[in-house]
Amino acid sequence: MPKVLVLGSGPNVLGQGAEFDKAGAAALAALHAAGYETIVVNSNPATVMTDTASADRVYIEPVTRQFVSQIIRQEMPDAILATFGGQTALNLVMELANDGLLAELHVQMLGTPLNAIEQTEDRELFYNLLRNLNEPVPQATVVEAPAAAATFVQRVGWPVIVRPAYTLGGTGGGIAHNDKALAAFVQNGITLSPTGQVAVERSIDGFREIEIELVRDHADNTAVVATLENVDPVGIHTGDSMVVTPAQTLSHTEATRLREAAIKIIRALAIEGICDVQFAVDPNSDAYYVIEVNPRLGRSAVLAETATGYPVARVAALLAIGRSLAEIPLSPEGAAAPTTAASEPVLDYLVTKLPRWSYQSIGADRRIGTQMKASGEVVAFGRSLEESILKAMRSLTWDTDDEYLTRVAQFDDDTLASHLIHPEDDRLFAMLEAMHRGYSVSEIAELTKIHPYFLERLANIVAMIKAVAEHPGDTETLLAAKRLGLSDRRIGELWSLPTRQIRAVRLAAGIVPHYTVSGTNDGNRFGPPKLYFSTYGEAGQQTPMKKDAVLVIGSGAYQTRQGQEFDYGTVHALNAIHRSGYAAILINCNAQAVSTDRDHSDRLYFEPLTLEDILNVVDAEQPVGVLTQFGGSTAVRFQEALSAAGVPLFDSPLTELPKQSLKEPLKLRGRIPTDPAHVAAAADQIGYPLWISPSKRHFAAHAHFITSAEVLQNFLTGAHLPADQVIRLQPYTDGATYEVFGLKDSTDVYVAGIVEHLWAQNANVDHMLSVFPTNHLSAKQRTALGRVAETDIDQMNVRGVVQVTYIWQRDHFRRLYVQTIGGGSLPFFAKASGIPLVELATRIFLGNTLKELPLPEMTQTKRQTVYVWAPVYSVAKLTQQADDLNVTTYHTGEVMGKAGTFAKAYYKTLAAGNNPFPDHGNILFTVADSDKAQALKLARRFRAIGYQIQATPHTANYFQKHHLPIQRIQNKHAVALSMAPAHNTDGPQAIVYTNDPMDAASIRDTVLIRNVTLVQGIPLFTELDTLGALLNVLESQRFATIPQGAEPEEDEEE
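Throughout the sequence shown, residue numbering follows UniProt numbering, covering 1 to 1054 in sequence.
Written as structure tokens, this is what we have:
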């Protein structure tokens, strides 16, 4: 049996998200079905791809040369497949090939040949390839220094686009309009490019941007899967642009020319699998340029698969192992007209993608451009473009777009015009506001460079809104509005009626949606009819289910505090429902989510996650129950409204917490209305720092750590709390925190295990390291905490998964917060403990009791394997100013390290998180007085293995007093020191910073330093014990060099 190693993409970062997990999981399933032995390497614990059932062997290890080389030598695979691991996998496989490892061990590259990667990633080879094919490219040069870029600009003029080689999501690039910006972009791009290479192109921003997704087999047959059109012009990253498919503004001649060019390119590259070709089309002529070729599966391919039903990932995997397009069946068994992968989709509906930004609450730069900043996306289907746009808008905002509408409505005319010219994340709403103010389509087209066709569709929406407002209560107008895509809520606002009354009027008039099957191909479908979307005014295509059904509400677009970990729970819940004999039905709007792969549900409703759309699906399917626990705050926010509407719910909201079961409980300062003045007054009374959390446990996953009045105001502004939301303020106290994972049925409680969170003193859980098994609890303490948690959970009026976090302080455990939405650390705990909490919880919802389930004893004792979880950030794309950020969560991904010791597992998380500890260079120490003695020992050990030591004045005095050679940093303000560029050899390559955990000013410094180091990519250590553990690993990898007469510093024990 041939053995194939499949590379994953590692942690989610901006520009490289969960779409690779979805594609990778589908590819592994296809290879397994084809009889191949599969091995997967990925460091992300929140992926379905790293479940043990996904492959024959799963390595949750860093996707780096150091670790993958070792796995290849250990496993000796016949082939390696990098197509499904994004830029991370492509760059790695290039390293492995250049090292000679693949040739040495006779490992074949599947899918995308090595020279195809080189020709598409190396900009000079890229331009040469296209010129040899007589395909036009913009005027461009490849440089390795800012001076060469300046010379090119003198020849072609401003502006220019800077594109670093071998990067993803526009990382490090941008549009330069002057010498200062050019020098900054080029220098940053050279630093971030693995080859130190940057392309500088004459800017063609304002051109239409078209993408063609196509596949090719070994016999040189091709098929175009989809043609996608970016509504925003060239200059806005496609990940931050509105995208529609099929393309709308291309003439037949233009479409034919681009198709032929794309086929010519994929054939020249000899790709056996998927390829994405991006074009810039002149809006004023028939000229076009090829601007990008991606020889792998990516975000647009996943969108194409969702829109068409063509299983791109499965087909690409089978093409990579030598199948032809005609040999890959796509239609259901027994179909009258069998369909193969050689067939090209033909759509009779429109699909719109809108990006989801979720960084507003951290004060980040909201402007959009060539660097992708979106954390996720929503997708909507419609018979008209207007309908799909409106459905996508309410998918994006949960039909509560007041934030955007209020913001743009407050713009004066000059500000509004500026937002049209210089787009931000509110661009779509700004255009609608401009139309409300009387701007013409031609005027907006001139300012935005968006094709008038799309603006005319927006004008139709504005005209319909006006018509609805002018005809209150008119049934014909109501039907027309629903056909165009307006929601009940928006119509109710225009008619000054509550949403429920609009729904009642609509149902009484027989105005109900019908559901249509997506993915048609001249009447033949790619697979069973599973994906449905709603529309008004035509016959429906769904038939009653043959068995009882359970409706699962998904989590929607990935965003801050609600990412891939919630979709992980959704997938496992769907699978458990199916195995329990029920039909599993999902409603979701996220094309990147693994749960929206059609293999995971019996029916998938690709609909907005709003109360209206959920109730419509409930009416159509009549499920025996609805499950919300694993859909994050997006799903559970509907619990009360669904219950009020008579919908049977399996899980219910946690309405009240039990009183603290231990003596000396932390005093809660009451339930406070979300009015900022009330909150600020209460916070001033308590004093900073403090914890803040919504009192409705389902609204957010965790408490927030607040260091100042300014941070509090930023939190309240960015959290968008409902009007009826109340919150709790709690004084901050220092101590270790522990998260207990439990299950509850109607009568009993099961405590599954405990995860320890490190770095608790200055961070939210999202900023901590997590360890399993616990590192610092005695057996007696673990048993005591398990009993405390069991008592607390038993008093809660919930079922399913319950996660309770406690703080250890003054010899007691005190409860900090409760989470009942099945996300956060849950995938990490499931991977580390091997306990399938999601499946067990789902069986409880379906009627099993805990006594009927196979429950292992709580894992409390230390085991031979230690698991460490760490967050991964994408801050550098959002801002270059650290003081723009506050402590609100903004990590985009996560990694897990697994080893025999904590130190080695922690080392792996640093390597996996794209922030490895430097091999050499300067380490800056600035530590509290109480930590100076321990810091001195660590500094001596670092110097013994080749590092240089820097220190701020007080720390330097102590080190020099004890005869440690150091470089004294004269600036007394530690924060300013960390501003040094990460790649400046005179600045620190790592920072060690500790403070007084109860001093608010010191904590604010820590928060600011953390933010700066995240932007600069500098490792930061605020716990000396953790640093000491890491140092043990570094010392084991090299020998200390010690002068004669000196004694080595003793290693610290773990």
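Glycine is no exception: its CB is placed at the ideal position from the N, C-alpha and C atoms.
Since we're looking at a predicted model, the values are computed, not measured.
(request) Go ahead and label residue 507 buried or exposed: buried means 16 or more other beta carbons lie within 10 angstroms of its beta carbon, across all protein chains shown. (result) Exposed, since its Cβ has fewer than 16 Cβ neighbours within 10 Å.
(message) Relative to the C-alpha of residue 728, which candidate in 736, 717, 816 has its C-alpha closest?
(response) The residue with the shortest Cα to Cα distance from residue 728 is 816.
(request) Taking only runs that begin and end inside the region 589–644, name each unbroken beta strand (DSSP E) of 3 or more residues, in chain order. (result) The region 589–644 contains these whole beta strand (DSSP E) runs: 603–606, 625–627.
(request) Check whether the Cβ atoms of residue 573 and residue 622 lie closer than 9 Å to each other. (result) By the CB criterion at 9 Å, residue 573 and residue 622 fall outside the cutoff.
(message) Between which two residues does the alpha helix (DSSP H) holding residue 512 run?
(response) No alpha helix (DSSP H) contains residue 512, which DSSP labels as neither H nor E.
(request) Report the residue from 322, 296, 824 whose alpha carbon sits nearest the alpha carbon of residue 313. (result) Cα-wise, what sits closest to residue 313 is 296.
(message) Using only the alpha-carbon positions, how far apart do residue 697 and residue 651 sit?
(response) With a pLDDT of 43 at residue 697, under the threshold of 50, the modelled position of that residue is not reliable, and the figure given next carries that caveat. Going by the C-alpha atoms only, they are around 13 Å apart.
(request) Please go through the same chain and pick out, in chain order, the residues whose beta-carbon is closer than 7 Å to the beta-carbon of residue 915, but skip the five residues on each side of it. (result) Answer for residue 915: 1017, 1019, listed in chain order.
(request) Report buried or exposed for residue 1036, applying the criterion of at least 16 other Cβ atoms within 10 angstroms of its Cβ. (result) Sixteen is the threshold: since fewer than 16 other Cβ atoms of the shown chains lie within 10 Å of the Cβ of residue 1036, the residue is exposed.
(message) Between which residues of its own chain and residue 1058 is the CB-CB distance below 7 Å, once the five residues before and five after are set aside?
(response) Given that the chain is displayed from residue 1 to residue 1054, the structure contains no residue 1058 and the question cannot be resolved.
(request) Compute the Euclidean distance between the alpha carbons of residue 612 and residue 487, then round it to the nearest angstrom. (result) The alpha-carbon atoms of residue 612 and residue 487 are separated by roughly 8 Å.
(request) List the endpoints of the continuous beta strand (DSSP E) containing residue 59. (result) 57–59 is the span of the beta strand (DSSP E), which, as asked, contains residue 59.
(request) Output the distance between the C-alpha atoms of residue 986 and residue 947, rounded to the nearest integer angstrom. (result) If you take the alpha carbons of residue 986 and residue 947, they lie about 13 Å apart.
(message) Can you tell me where the beta strand (DSSP E) holding residue 534 begins and where it ends?
(response) 531–535 is the extent of the beta strand (DSSP E) around residue 534.
(message) Rounding to the nearest angstrom, what Cα-Cα distance links residue 67 and residue 13 in this structure?
(response) About 20 Å.
(request) Going by CA-CA distance only, name the one from 850, 751, 517, 165 that's closest to residue 532. (result) When only C-alpha atoms are compared, the closest one is 517.
(message) Let's test the definition: count the other Cβ atoms within 10 Å of the Cβ of residue 933 and tell me whether it reaches 16, buried, or not, exposed.
(response) By the neighbour-count rule (16 or more Cβ atoms within 10 Å), residue 933 is not buried but exposed.
(message) Using only the alpha-carbon positions, how far apart do residue 960 and residue 1027 sit?
(response) Distance between the alpha carbons of residue 960 and residue 1027: 21 Å.
(message) Going by beta-carbon coordinates alone, are residue 172 and residue 185 separated by less than 9 Å?
(response) The criterion of a C-beta distance shorter than 9 Å is satisfied by residue 172 and residue 185.
(message) If distances are taken between C-alpha atoms only, which option among 376, 219, 210, 195 comes closest to residue 281?
(response) It is 210 whose Cα lies nearest to the Cα of residue 281.
(request) Let me know the secondary structure DSSP gives residue 800 once reduced to three states. (result) In the three-state reduction of the DSSP assignment, residue 800 falls in the strand class, which pools E and B.
(message) Suppose you measure from the CA of residue 688 to the CA of residue 708; what does that come to, to the nearest Å?
(response) Whole-angstrom Cα-Cα distance: 6 Å.
(message) Between the alpha carbons of residue 416 and residue 271, how many angstroms are there, rounded?
(response) Rounded to the nearest whole angstrom, the C-alpha separation of residue 416 and residue 271 is 46 Å.
(message) Going by DSSP in three states, residue 344 sits in which element: helix, strand or coil?
(response) In this structure, residue 344 counts as coil in the three-state DSSP scheme.
(message) Does residue 908 come out as helix, strand or coil in the three-state DSSP assignment?
(response) DSSP places residue 908 within a helical segment (H, G or I) once states are collapsed to three.
(message) Please return the same chain residues whose Cβ sits closer than 6 Å to the Cβ of residue 93, not counting the five positions on each side in sequence.
(response) The residues are 82.
(request) Take the Cβ of residue 372 as the centre, count every other Cβ of all protein chains shown within 10 Å, and call the residue buried at 16 or more, exposed below. (result) Burial is judged here by how many other beta carbons sit within 10 angstroms of a residue's own beta carbon; residue 372 has at least 16 and is buried.
(request) Take the Cβ of residue 807 as the centre, count every other Cβ of all protein chains shown within 10 Å, and call the residue buried at 16 or more, exposed below. (result) Residue environment for residue 807: buried (at least 16 other C-beta atoms within 10 angstroms of its C-beta).
(request) Kindly list the residues whose CB is nearer than 6 Å to the CB of residue 911, restricted to its own chain and excluding five residues on each side of it in sequence; keep chain order. (result) Excluding sequence positions up to five before and after residue 911, its CB lies within less than 6 Å of the CB of 62, 64, all in the same chain and listed in chain order.
(message) Are the CB atoms of residue 855 and residue 743 within a distance shorter than 9 Å?
(response) With respect to residue 855, residue 743 sits close: the two C-beta atoms are nearer than 9 Å.
(message) Checking 9 Å against the spacing of the C-beta atoms, do residue 1055 and residue 966 come in under that value?
(response) Within the shown structure, residues of the chain are numbered from 1 to 1054, placing residue 1055 beyond reach of any answer.
(request) Please classify residue 546: does DSSP put it in a helix, a strand, or coil? (result) When secondary structure is reduced to three states using DSSP, residue 546 falls in the coil class, being assigned neither helix nor strand.
(request) With DSSP as the reference, label residue 824 as helix, strand or coil. (result) Three-state DSSP puts residue 824 in coil, outside helix and strand.
(message) One question on the structure: do residue 354 and residue 274 come within less than 9 Å of each other, judged by their Cβ atoms?
(response) In this structure, residue 354 keeps its C-beta atom at 9 Å or more from the C-beta atom of residue 274.
(request) Please state whether DSSP places residue 470 in a helix, a strand or coil. (result) Residue 470 sits in a helix when the DSSP states are folded into three classes.
(message) For residue 958, which residues in the same chain have their Cβ closer than 6 Å to its Cβ, ignoring the five residues on either side in sequence?
(response) Contacts found: 932.
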